[in-house]
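Trainee: One structure, as structure tokens, below. Some questions next.
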Amino acid sequence: MNKRGKIRYVLASGNTSAGYQSFLPAIIDSLARVYILKGAPGSGRSTFIRQAGLALCERGFDVEFYVCPLNASSLEGVVFPQLATGIVNGSLPCPVEPRYPGVTGDIINLGEHWDREKIVTNQEEIQQLVNEMEKETGRAYSLLREAELAKEKLKGNWLPDLDLERLDALVQKLAKEILDGQPGERHFFGSTGSSQGLVSFIDELSEHCRKRYILKGPPGSGKSTVLAAIGTRAAQRGYLVEYYHNGLNPDSLDMVIITNLQVALIDGEGINVSAGPYDTIIDTGECVDLKPGDDNAPEINDTRRTLESLLLDAVETLRDAESHRKRLQKLYTRAMDFSEVDRIRARVLEEILRK
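Structure, rendered in structure tokens:
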């Protein structure tokens, strides 16, 4: 292979109203080979993943980078689809272990290559930073839970009057239009709150699609329901479907891509999507029989402001948690022998290419 491979960035994990959630364990289960990196912040896992991905991209292999939901500049993993191989961070808030250790997966402990004396010297500060980071992320998740309650309250202004027959007619129309391979489905996050604010790759991930349906409408007007219904029907007809879950409520969907057909359906509310000439805009508000009256306007506006305020507070709290993580990272970085990490990465790349 001489041609440079394609790179795409995806959220496999998210900071949600239910806490940190990730599809990474399910993603690596489908791989023929996975390398799982263990270690503390600052032990070089993200750099290892990025450099390995870029090296194989230069060799002509497509690369799928998984972005960290706390800090979008860091990476949680990389998968090389043509090789059915991945390298992932194994020290996440969720368990990440190889299904068949030594057979389909290897655990690499980068913590074996630090100067233990330097770690012990800073042990009190390390413990304090870990505790502060956990406290701030816990507080952020509490704020996100409150934000989800506010969003559900907002939906309540439209949901009771949603005409399900009209919504089903919309699903039928779209299914007939889109669905006139190899069946399957993959799950990611379409968005997440991070220390840098809202992170979403929906526009970038769907820009290659030949057709995009962008659904507009108030909360509770059935946008996620339509996305889920079309995704299910596409999978039943043998198409590969990518589901992109909402960062606040993973039970809702931000986007569905039917990869074989290069068609995307997107919830266009709350996420900036640049509409193009081949995009179709659909107003799901037309499926709501009764619109909230003027009497409800003050309460709706108040709930919207509460939701926005809670989301901003959650981002600020995640920013504080990231600040503690960066200080922790510096302490561990000073203790690392990165020449050993470079040697391990070279060995892993050699193994991947050999297979």
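Residue 245 in this note's numbering sits at position 245 of the sequence shown, with consecutive numbering throughout. Even glycine gets a Cβ: it sits at the ideal position worked out from N, Cα and C. Predicted model only: the values in this text are computed from it and were never measured.
Do S194 and P93 have their C-beta atoms closer together than 7 angstroms?
Mentor: On the sequence shown, position 194 is the one that residue 194 refers to. On the sequence shown, position 93 is the one that residue 93 refers to. For S194 and P93, no; Cβs fall outside 7 angstroms.
Trainee: According to DSSP, which residues form a beta bridge with V34?
Mentor: Stepping through the sequence shown from its first residue, residue 34 is reached at position 34. According to DSSP, which records beta bridges pairwise, V34 is partnered with G86, G105.
Trainee: Please name the residue, chosen from D267, E124, D161, that lies closest to I189 on a Cα-to-Cα basis.
Mentor: Position 189 of the sequence shown holds residue 189. Checking the sequence, you will find Phe at residue 189 rather than Ile. Checking every option, the nearest Cα to that of F189 belongs to D267.
Trainee: Residue range of the alpha helix (DSSP H) that Q128 falls in?
Mentor: Residue 128 sits at position 128 when you count from the first residue of the sequence shown. Counting along the chain, the alpha helix (DSSP H) containing Q128 begins and ends at 123 to 155.
Trainee: Just verifying my parser: in three-state terms, what is the DSSP assignment at T306?
Mentor: Here residue 306 refers to the residue found at position 306 when the sequence shown is read from its first residue. Three-state result, T306: helix.
Trainee: Bridge partners of G19, per DSSP?
Mentor: As a first step, residue 19 must be located in the sequence shown, where it is residue number 19. Per DSSP, T16.
Trainee: Going by CA-CA distance only, name the one from I36, C287, S73 that's closest to V348.
Mentor: In the sequence shown, counting from the first residue as 1, residue 348 sits at position 348. Distance check between V348 and each of I36, C287, S73 places I36 closest, using alpha-carbon atoms only.
Trainee: For the alpha helix (DSSP H) that V226 lies in, which residues bound it at each end?
Mentor: The sequence position of residue 226 within the sequence shown is 226, counting from 1. Here the alpha helix (DSSP H) through V226 covers 223 to 236.
Trainee: Rounded to a whole number of angstroms, what is the C-alpha to C-alpha distance between A169 and R237?
Mentor: For this step, residue 169 is matched to residue 169 along the sequence shown. For this step, residue 237 is matched to residue 237 along the sequence shown. Between A169 and R237, the C-alpha separation is close to 19 angstroms.
Trainee: If I measure Cβ to Cβ from L159 and keep anything under 6 angstroms in the same chain, skipping five residues before and after, which residues do I get?
Mentor: For this step, residue 159 is matched to residue 159 along the sequence shown. Excluding positions up to five away in sequence, the list reads G220.
Trainee: Can you tell me whether L164 is buried or exposed, with buried defined as 16 or more other CB within 10 angstroms of its CB?
Mentor: Position 164 of the sequence shown, counted from the first residue, corresponds to residue 164. So L164 ends up on the exposed side.
Trainee: Taking A264 as part of the beta strand (DSSP E), name the residues at either end of that continuous run.
Mentor: Mapped onto the sequence shown, residue 264 falls at position 264. Start and end: 263 to 267.
Trainee: What separation, rounded to the nearest whole angstrom, lies between the Cα atoms of A175 and L265?
Mentor: As a first step, residue 175 must be located in the sequence shown, where it is residue number 175. As a first step, residue 265 must be located in the sequence shown, where it is residue number 265. The straight-line gap from Cα to Cα measures roughly 11 angstroms.
Trainee: Can you tell me whether L110 is buried or exposed, with buried defined as 16 or more other CB within 10 angstroms of its CB?
Mentor: Locating residue 110 in the sequence shown gives position 110, counting from the first residue. So L110 ends up on the buried side.
Trainee: Considering only DSSP beta bridges, list what L11 is partnered with.
Mentor: Position 11 of the sequence shown, counted from the first residue, corresponds to residue 11. Note: L11 sits in a beta bridge opposite F189.
Trainee: When DSSP labels each residue in this structure, what does K176 get in the three-state scheme?
Mentor: Within the sequence shown, the letter at position 176 stands for residue 176. DSSP places K176 in helix when its eight states are reduced to three.
Trainee: For a test of the three-state rule: what should DSSP assign to E64, helix, strand or coil?
Mentor: Reading the sequence shown from its first residue, position 64 is the one you call residue 64. Here E64 sits in strand by DSSP.
Trainee: To the nearest angstrom, how far is it from the Cα of R357 to the Cα of A297?
Mentor: Since the first residue shown for the chain is 1 and the last is 355, residue 357 is missing from the structure and cannot be characterised.
Trainee: Have a look at the DSSP bridge pairing and note the partners of R212.
Mentor: Indexing the sequence shown from 1 puts residue 212 at position 212. In the DSSP assignment, R212 forms a beta bridge with A264, D279.
Trainee: For R210 and I257, I'd like the C-alpha separation in whole angstroms.
Mentor: As a position in the sequence shown, residue 210 is number 210, starting the count at 1. As a position in the sequence shown, residue 257 is number 257, starting the count at 1. Using only the alpha carbons, I get a separation of about 11 angstroms.
Trainee: Classify L75 as helix, strand or coil using the three-state DSSP reduction.
Mentor: The sequence position of residue 75 within the sequence shown is 75, counting from 1. It is a strand residue.
Trainee: In whole angstroms, give me the CA-to-CA distance for V103 and I87.
Mentor: In the sequence shown, counting from the first residue as 1, residue 103 sits at position 103. In the sequence shown, counting from the first residue as 1, residue 87 sits at position 87. Looking at the two C-alpha atoms, the distance is approximately 15 angstroms.
Trainee: Can you name the residues that DSSP bridges to L240?
Mentor: Translated into positions along the sequence shown, residue 240 becomes position 240. DSSP lists G184 as partners of L240.
Trainee: When the Cβ atoms of the segment 46 to 53 are set against those of the segment 271 to 290, are three or more pairs found closer than 8 angstroms?
Mentor: no
Trainee: Which of the three DSSP states is assigned to V273 in this structure?
Mentor: In the sequence shown, residue 273 corresponds to position 273, counting from 1. In this structure, V273 counts as coil in the three-state DSSP scheme.
Trainee: Return the residue from the list N122, F23, R139, V130 that minimises the CA-CA distance to E357.
Mentor: What is shown of the chain runs 1 to 355, which leaves residue 357 out entirely.
Trainee: Suppose you measure from the CA of G42 to the CA of R327; what does that come to, to the nearest Å?
Mentor: As a working mapping, residue 42 is identified with position 42 in the sequence shown. As a working mapping, residue 327 is identified with position 327 in the sequence shown. Approximately 9 angstroms, taken between the alpha carbons.
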